[in-house]
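Chains as they are written, first to last, in the working numbering: chain U, 675 to 891; chain G, 675 to 891.
For reference, the structure discussed in these notes is given below.
There are 2 protein chains.
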Amino acid sequence: MPGRHAAESVRRSQIIKAAYHVAAARGLGGLTVRRVAAKAGVSTGLVLFHFETKEQLIIALLDWVLETTTVLHIGDEIARIASPLDRLLALLQQEMDRLSSEPDRIRLFFDFWARGIRHPGIRAKMWRELARYRDAFRPMAEEVLRAAPDRFRGVTAEGLAAVAVSFIKGCAVQSMIDPQRFDIAQYLAATNGLVGQLEGASRARRLRRAPLRSRTV
Amino acid sequence: MPGRHAAESVRRSQIIKAAYHVAAARGLGGLTVRRVAAKAGVSTGLVLFHFETKEQLIIALLDWVLETTTVLHIGDEIARIASPLDRLLALLQQEMDRLSSEPDRIRLFFDFWARGIRHPGIRAKMWRELARYRDAFRPMAEEVLRAAPDRFRGVTAEGLAAVAVSFIKGCAVQSMIDPQRFDIAQYLAATNGLVGQLEGASRARRLRRAPLRSRTV
DNA sequence: TTGTACGCTGAACTGGCGTTCAATATAATT
DNA sequence: AATTATATTGAACGCCAGTTCAGCGTACAA
């Protein structure tokens, strides 16, 4: 039934959400204009009427995924933690919880990441996202450097933030290929030990009292 | 010129190497039977005569990539380092050198990794590779646990190995999306600081005398 | 009421893909 | 020399993809 129906923006977001469901279920490789149209309950032509090309649809999907993924929001409970290193660990824990709560989204994100290697447009957006990620760690990294200047002689906040990001991305990459057995609690415990006990017993006690929720992803 | 020519295995490896060049240049998404045939200088039909389906060709390519990627070989210079933590850092450095020396191979590896998320056959092979990776760190991880039992109370060698793998994979993932600016030397310096100076000044002096070769990937 | 701009449809076009297969040339066997 | 087994070709097939577009229906302006 052709004719004037939904407003431009409504249709666009309707189609993008359909695209998200298709991509989350079948991956970017399984994303086709026809499938998106079917999922959205519209015709093939309409999808391209609103997005011109499939590539632009994919870019719009990426934008939507990045916008609607609340990443690295530093809540009150975390801001209240005194030690910078402890706060960093709490942030890591929060990010790793997301791994188990939104696996489809993380998988799709990873799919985009891989595509970014060959696709300059996607890579640029991913690079910006990575920069955002590192920037979120930066103030914390600077605090860490200030708290232990001898330990981090010659180290920049940027470098430290990159390592912090690696804890998260590295964990995601591993749990993605080994979703059943990868033990996040163990991962965090080992991280905790490696980072070093700046305050010794106090942190150990706190971790024991508030056990980690999810054992595997 | 049809007829009996090269032996089975010769042709197979010839085609696999052609597939590698195509995949390295265009990604797994750009790998087609026709392109591989053209690169190998044979007909389309011959590729499928030797590999039955495109999927089997891809699996064979993955096997070849995994076989011919010398990963985590612990050489004499590294084995001679006394401190386990220092040895771990040397291993990390070695792996990161590979990032800059064989970017195409690493990119292709990453491409397979992403495909493994949806493809059980590929995922199984990648999981085995990940296990190999962690196992290579395990003896070292056990030494670390033995050297500082208080620091790593409740931590298993498996968990510690997973974190070590994260340093590498996380670095690769970041430098892949940001090949120009990602500073590996800074990354290692920050890692060094985070892991903690078990031996203090001695390591700092050693690192200063033997500067890191590659600044970026 | 009429006209028109816009949203919308879906069949049709083009192209590239994986795959098949009859024909054929070569090497090994007899 | 004749036969057989094998390696090789490349045209052909069917499929599914992205994209186009002529036509249709609806809502709003005049």
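Every residue, glycine too, gets a C-beta built ideally from N, C-alpha and C.
Reduced DSSP category for residue i - H, G, I as helix; E, B as strand; rest coil
i, result
"Asp824(G)", "coil"
"Asp750(U)", "helix"
"Asp852(U)", "coil"
"Glu873(U)", "Here Glu873(U) scores only 44 on pLDDT, less than 50, and its place in the model is too uncertain to base an answer on."
Cross-chain neighbours of residue i in chain G, by beta carbon under 8 angstroms
i, result
"Phe784(U)", "Ala788, Ile791"
"Thr865(U)", "Val837"
Partner residues on chain U for residue i, Cβ-Cβ distance less than 8 angstroms
i, result
"Trp801(G)", "Ile851, Asp852"
"Gln896(G)", "In the structure displayed, chain G extends from 675 to 891; residue 896(G) sits before or after that span and is not available."
"Gly701(G)", "Ile791, Arg792"
Beta-carbon proximity of residue i to residue j, cut-off 8 angstroms
i, j, result
"Ser849(U)", "Ser840(G)", "no"
"Arg808(U)", "Ala836(U)", "yes"
"Val721(G)", "Ala734(G)", "no"
"Leu762(G)", "Met814(G)", "yes"
"Ala714(G)", "Ala692(G)", "yes"
"Phe786(U)", "Leu705(U)", "no"
"Glu832(G)", "Pro758(G)", "no"
"Ala788(G)", "Phe725(U)", "no"
"Leu819(U)", "Phe811(U)", "no"
"Met770(U)", "Ile851(U)", "no"
"Leu868(U)", "Ala864(G)", "no"
"Ala738(G)", "Ile689(G)", "The amino acid occupying residue 738(G) in the given sequence is Trp; Ala does not appear at that position. No, the pair does not count as a contact, with Cβ atoms beyond the cut-off."
"Leu765(U)", "Ile752(U)", "yes"
"Leu773(G)", "Ala846(G)", "yes"
"Lys843(U)", "Gly844(G)", "yes"
"Ile796(G)", "Leu736(G)", "yes"
"Gln860(G)", "Thr830(U)", "yes"
Within chain U, partners of residue i - CB distance below 9 angstroms
i, result
"Asp857(G)", "Thr830, Glu832, Gly833, Ala836"
Chain-ordered neighbours of residue i on chain G, where CB pairs are closer than 7 angstroms
i, result
"Leu773(U)", "Here the premise fails: no neighbours, minimum Cβ distance about 13 angstroms."
Neighbouring residues, chain U, relative to residue i (Cβ below 7 angstroms)
i, result
"Arg797(G)", "Ile851"
"Arg781(G)", "Ile791"
"Tyr861(G)", "Gly833, Ala836, Val837"
**Request:** May I ask you to list, following chain order, the residues of the stretch 749 to 770 of chain G that have a beta carbon less than 7 angstroms from some beta carbon of chain U?
**Result:** none
Report yes or no: do three or more beta-carbon pairs, one from the stretch 770 to 788 of chain G and one from the stretch 688 to 701 of chain G, lie closer than 8 angstroms?
-> yes
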